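Under this note's numbering, the first residue of the sequence shown is numbered 197, with each subsequent residue one higher.
Here a beta-carbon is modelled for each residue, glycine too, at the ideal position from N, C-alpha and C.
In this text the structure is predicted, and so the values were computed from the model without any measurement.
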Amino acid sequence: MRERRSEMRRRTLLGGRLAISHLSTLDCIVRNMSARGARLLCRIAPSVEIVRLEIKAVPGFKRTARVVWRRLEDCGVEFV
197 MRERRSEMRR RTLLGGRLAI SHLSTLDCIV RNMSARGARL LCRIAPSVEI VRLEIKAVPG
257 FKRTARVVWR RLEDCGVEFV
């Protein structure tokens, strides 16, 4: 299988939270990450295109991200 990423991702196992809107959040696990994006494991993949990712173990880490692919329980995001 040909690798399509321009940058390799580091494996991680970090707890995160996706802000879907100012009223709705979704807990997730950050499975791998690079400076440009991440793979997230969620109970259900978010149905919106733009989310706000916060990583609990990294103080101050909050990034706006665009969902670029989704499956049943995971998705890939690109930081914007």
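With a cutoff of 8 angstroms on beta-carbon distance, residue 230 and residue 205 are scored as near each other.
Non-local beta-carbon contacts of residue 227 in its own chain, meaning distances under 6 angstroms to residues more than five positions away in sequence, involve 235, 237 in chain order. Between the alpha carbons of residue 248 and residue 272 lies a distance of about 13 angstroms. Residue range 258–266 is occupied by the beta strand (DSSP E) that includes residue 258.
A direct Cα-Cα distance of roughly 16 angstroms separates residue 274 from residue 207.
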